[in-house]
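Reading through the structure tokens given below for one structure.
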Amino acid sequence: MSDTLPPFTPTPRTRLRRHPERAHYDRETVFAILDSALMCNIGYVIDGLPYVTPTLFWRDGEKLYWHGSSASRMLRTQASGIPVCVTVSHADGLILGRCAFRHSLNYRAVMAFGTAAIVDDPTEKEAGFNAFIERLYPGRTRIMRAILPQEIKATTLMGMTIEDASGKIRSGGPLDLEQDYAAHCWAGTVPIRQVLDAPIPDPIVPPHTPAETEIGHLAQGAALDQVLLTLARKAAE
Amino acid sequence: MPDSTTLPSFIPTERTRVRRVHERGRYDRETVFAILDAAMMCHIGYVIDGQPYVTPTLFWREGEKLYWHGSSASRMLRSQTAGIPVCLTVTHVDGLVVARSGFHHSLNYRAVMAFGTAAKVEDPAEKEIGLNAFVDRVYPGRTGLIRGINGQELKATTLLGMTIEEASAKVRVGGPVDDDEDYSADCWAGVIPITPLIGAAIPDPRLKSGIPAEPEVGHFVEGAPFDQVLLALARKAAE
Chain V
3 MSDTLPPFTP TPRTRLRRHP ERAHYDRETV FAILDSALMC NIGYVIDGLP
53 YVTPTLFWRD GEKLYWHGSS ASRMLRTQAS GIPVCVTVSH ADGLILGRCA
103 FRHSLNYRAV MAFGTAAIVD DPTEKEAGFN AFIERLYPGR TRIMRAILPQ
153 EIKATTLMGM TIEDASGKIR SGGPLDLEQD YAAHCWAGTV PIRQVLDAPI
203 PDPIVPPHTP AETEIGHLAQ GAALDQVLLT LARKAAE
Chain Y
13 MPDSTTLPSF IPTERTRVRR VHERGRYDRE TVFAILDAAM MCHIGYVIDG
63 QPYVTPTLFW REGEKLYWHG SSASRMLRSQ TAGIPVCLTV THVDGLVVAR
113 SGFHHSLNYR AVMAFGTAAK VEDPAEKEIG LNAFVDRVYP GRTGLIRGIN
163 GQELKATTLL GMTIEEASAK VRVGGPVDDD EDYSADCWAG VIPITPLIGA
213 AIPDPRLKSG IPAEPEVGHF VEGAPFDQVL LALARKAAE
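Same order as they appear, the protein sequences are chains V and Y.
For the first sequence, the working numbering begins at 3 and goes up steadily by one.
For the second sequence, the working numbering begins at 13 and goes up steadily by one.
Laid out in structure tokens, this is it:
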């Protein structure tokens, strides 16, 4: 289980200099922040210039995976095995302090570094794509047709072993200066969370199709990060 | 405020032309600015010694410029003050697209990649105006309720700005687009929308007596979509 896993070792690129008290290097915290997210932002360098591409991703043990069209510039660049920085962030709340300087944001973020590598083997690719579908929509690969060879060919799967990573978390209310507590203004936290809305069926959904059994875990009003974390933990069992 | 439909589009460049699913690419300023203005956080990519870094941070837009700030001791900000190229990316996740084959599963989203060169705002007066404008944009009128930024706070905060040199947006909307032969599949298909919702405000335990429990930031109504609120605030600030 994750509580027996060793923490990531802070390195020059991951050691938090600002607010070291917000730093987390243990795998449990880093993995939970990653697993609660659907999208990451991948930083890479082409001809010395930085690019940040948002994309879907998933974690399997010490590896992060993302995918896309085999024609994509991002993936073609990364296929040669270049260093990347995968960043995930959750905005959890606005912090209203009693002076401008003490306004803040509650958040959870991870920066993970590694070298992107293309997954070439078609069997491994297919297993990876199916695992991603199954993770979000358990049981779904059994009620759909299999991925076609040309779809596997048209899709690139990238993987990266996490070499080093750090988490950064701010939680709680405002921390004001003692002399500012007398200020005549409201102070506190305005929470923000990503919530799932009512599903919109495709116009051609067969009327007898039981949506509940297929997407019931993505219930209206549920918090997306919590649902994703639960799904990831179930998939890892 | 100039009618944004009269603003010229960004010109697609080698860096910003959307190649994949190019019909999702948008270059008009109205779309690009609306996606930026509906967000509070961005991801800034920069390069130190050949190594890419992506740092999430708060940001705001003013005309053709994007601003972000942080501690003057921050590695990210110190490296960017030298005037290095950055890529500032913003993403909104709008919904899970559930299709009839694995291949056609997708995500509804709005994203912008903006490129430019980060530059430090050195002038203390300009810095103070910028930081106050950010507070008042998110919380209109708030700088009138709180004390001014003091000298050491101003010194401890670095303000960075970047003129958008190139930008593109990418937007996916709508339901699944399946292969014709898959429509007979006996499975649910559709969209599960995702919305960033504002929750009930939590007052600080040391709220001064006489201050109502509800924040004066009345626009952050419980249950309101955060992105829409931010967009409305940005438009008000630009008036």
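For each residue, glycine too, the CB sits at the ideal point set by N, CA and C.
The alpha helix (DSSP H) enclosing V241 of chain Y, as first and last residue numbers: What you label residue 241 of chain Y is simply residue 229 of the second sequence in a count that begins at 1. Unbroken alpha helix (DSSP H) run through V241 of chain Y: 238-250.
Please report the distance separating the alpha-carbon of V30 of chain Y from that of V183 of chain Y. Here residue 30 of chain Y refers to the residue found at position 18 of the second sequence. Here residue 183 of chain Y refers to the residue found at position 171 of the second sequence. If I take the Cα positions, the gap works out to 11 Å.
Reducing DSSP to helix, strand and coil, say where I141 of chain Y ends up. By 1-based counting over the second sequence, the position of residue 141 of chain Y is 129. Here I141 of chain Y sits in helix by DSSP.
From the DSSP secondary-structure annotation, give me the bridge partner or partners of S118 of chain Y. Position 106 of the second sequence, counted from the first residue, corresponds to residue 118 of chain Y. Paired residues: Y:V109.
What are the residues in the region 113-125 of chain Y lying within 8 Å of chain V by C-beta distance? S113, G114, F115, H117, L119, Y121, A123, M125
Alpha-carbon spacing of P97 of chain Y relative to K139 of chain Y, whole angstroms: Counting from one through the second sequence, the residue named residue 97 of chain Y turns up at place 85. Counting from one through the second sequence, the residue named residue 139 of chain Y turns up at place 127. Near 21 Å, if we compare the C-alpha coordinates of K139 of chain Y and P97 of chain Y.
Considering only the alpha carbon of each residue, which of Y:G95, Y:K248, Y:G128 lies closest to A145 of chain Y? Position 133 of the second sequence, counted from the start, is the residue given in the question as residue 145 of chain Y. Out of Y:G95, Y:K248, Y:G128, Y:K248 has the C-alpha closest to the C-alpha of A145 of chain Y.
Once the 5 residues before and after I84 of chain V are set aside, which same chain residues still bring their CB inside 8 Å of it? Translated into the one-based positions of the first sequence, residue 84 of chain V becomes position 82. These residues qualify, in order along the chain: Y46, V47, T117, A118.
At 8 Å on the CB atoms, spell out the chain V contacts of L157 of chain Y, in chain order. For this step, residue 157 of chain Y is matched to residue 145 along the second sequence. A185, H186, C187, listed in chain order.
Excluding the five sequence neighbours on either side, which residues of its own chain have a C-beta within less than 6 Å of the C-beta of L7 of chain V, listed in chain order? As a first step, residue 7 of chain V is located in the first sequence; it is residue number 5 there, counting from the start. Hits under 6 Å: R29.
Spatial distance of E177 of chain Y from D198 of chain Y (CA atoms): By 1-based counting over the second sequence, the position of residue 177 of chain Y is 165. By 1-based counting over the second sequence, the position of residue 198 of chain Y is 186. Taking the straight line from one Cα to the other gives about 49 Å.
Segments of 4+ residues assigned as alpha helix (DSSP H) that fall wholly inside the region 19-74 of chain Y: 41-49
Taking C-beta pairs closer than 7 Å, name the residues in chain Y that A93 of chain V reaches, listed in chain order. Numbered from its first residue, the first sequence carries residue 93 of chain V at position 91. Result: M52, M53.
Between A130 of chain Y and the rest of its own chain, which residues show a CB-CB distance below 7 Å, the 5 nearest in sequence each way excluded? By 1-based counting over the second sequence, the position of residue 130 of chain Y is 118. Correct list, in chain order: Q92, G95, I96, V98, L172, M174.
Spell out whether any CB of chain Y is found under 8 Å from the CB atom of H69 of chain V. For the purposes of this step, residue 69 of chain V is identified with residue 67 of the first sequence, where counting begins at 1. Taking Cβ atoms only, chain Y never reaches closer than 8 Å to H69 of chain V, which makes this a no.
Quick one: which residues of the region 169-180 of chain V get their C-beta closer than 7 Å to a C-beta of chain Y? List them in chain order. G175, P176
Going along chain Y in order, which residues have a C-beta closer than 9 Å to the C-beta of M162 of chain V? Here residue 162 of chain V refers to the residue found at position 160 when the first sequence is read from its first residue. Those within 9 Å of M162 of chain V in chain Y number zero; the least Cβ separation is about 12 Å.
Taking 6 Å as the limit between beta carbons, can you name the residues of its chain near N43 of chain V, skipping five residues before and five after? Locating residue 43 of chain V in the first sequence gives position 41, counting from the first residue. Correct list, in chain order: V54, P56, T89.
Just checking: is the beta-carbon of E35 of chain Y within a distance shorter than 8 Å of some beta-carbon in chain B? Absence of chain B from the displayed structure is noted, the protein chains being V and Y.
Beta-carbon separation (whole angstroms), G82 of chain Y vs T170 of chain Y, contact threshold 8 Å: The residue you call residue 82 of chain Y lines up with position 70 of the second sequence. The residue you call residue 170 of chain Y lines up with position 158 of the second sequence. With 8 Å as the limit, G82 of chain Y and T170 of chain Y qualify as a contact, their Cβ atoms being about 6 Å apart.
For S82 of chain V, which option in V:M160, V:T16, V:D123, V:S71 has the closest C-alpha, if you only look at C-alpha atoms? Counted from its first residue, the first sequence places residue 82 of chain V at position 80. Among V:M160, V:T16, V:D123, V:S71, the Cα nearest to that of S82 of chain V is on V:M160.
Contact with chain Y by R100 of chain V, beta-carbon distance below 8 Å: Along the first sequence, one-based indexing puts residue 100 of chain V at 98. So, interface residue.
Pick from V:K155, V:K236, V:A184, V:H21: whose alpha carbon is nearest that of I120 of chain V? Residue numbering aside, residue 120 of chain V sits at position 118 when the first sequence is read from its first letter. Cα-wise, what sits closest to I120 of chain V is V:K155.
If contacts are defined as beta-carbon pairs under 8 Å, then V2 of chain V and A213 of chain Y qualify, I think. What distance do you get, rounded to the angstrom? Absent from the structure is residue 2 of chain V, since the part of chain V shown begins at 3 and ends at 239.
Looking at chain V, is there any beta carbon in it that lies within less than 8 Å of the beta carbon of S16 of chain Y? Taking the second sequence and counting its residues from 1, one reaches residue 16 of chain Y at position 4. Annotation note: pLDDT 49 at S16 of chain Y (below 50); position unreliable, coordinate value reported separately. Closer than 8 Å: no.
Closest to H105 of chain V by CA distance: which of V:D178, V:V197, V:R195 is it? Along the first sequence, one-based indexing puts residue 105 of chain V at 103. That would be V:D178, whose Cα lies nearest to the Cα of H105 of chain V.
Tell me the rounded alpha-carbon separation between M13 of chain Y and L19 of chain Y. Translated into the one-based positions of the second sequence, residue 13 of chain Y becomes position 1. Translated into the one-based positions of the second sequence, residue 19 of chain Y becomes position 7. Unreliable positioning characterises M13 of chain Y in this predicted model, as indicated by a pLDDT of 44, which lies under 50. A coordinate reading is not provided.
Cutoff 8 Å: D62 of chain V Cβ touching any chain Y Cβ: Residue 62 of chain V sits at position 60 when you count from the first residue of the first sequence. No - not a single Cβ of chain Y is within 8 Å of the one on D62 of chain V.
Is V133 of chain Y buried or exposed, if buried means 16 or more other CB atoms sit within 10 Å of its CB? In the second sequence, residue 133 of chain Y corresponds to position 121, counting from 1. Under this definition V133 of chain Y is a buried residue.
Which bits of chain Y does P151 of chain V rub up against, with CB to CB less than 9 Å? Taking the first residue of the first sequence as 1, we reach residue 151 of chain V at position 149. Within chain Y, no residue comes near P151 of chain V; the closest Cβ sits about 11 Å away, beyond 9 Å.
At a Cβ threshold of 8 Å, is F10 of chain V touching chain Y? Looking up residue 10 of chain V in the first sequence gives position 8. Not an interface residue.
Quick check on the DSSP output: the beta strand (DSSP E) that includes A111 of chain V runs from which residue to which? On the first sequence, residue 111 of chain V is found 109 positions in, with the first residue counted as 1. Taken as a continuous stretch (DSSP letters only), the beta strand (DSSP E) holding A111 of chain V covers 106-117.
Keeping to the same chain, check which residues put their C-beta closer than 6 Å to that of S84 of chain Y; ignore five residues upstream and five downstream. The residue you call residue 84 of chain Y lines up with position 72 of the second sequence. A168, T170, listed in sequence order.
Mark R235 of chain V as exposed unless 16 or more other C-beta atoms lie within 10 angstroms of its C-beta, in which case mark it buried. Here residue 235 of chain V corresponds to residue number 233 of the first sequence, with the count starting at 1. Flag for R235 of chain V reads exposed.
Under 8 Å between C-beta atoms, does T93 of chain Y make it to chain V? As a first step, residue 93 of chain Y is located in the second sequence; it is residue number 81 there, counting from the start. Not closer than 8 Å to any Cβ of chain V, the Cβ of T93 of chain Y fails to qualify, so no.
Any residues in the region 205-218 of chain Y with a beta carbon nearer than 8 Å to a beta carbon of chain V? Which ones, in chain order? P205, I206, T207, P208, L209, I210, G211, A212, A213, I214, P215, D216, P217, R218
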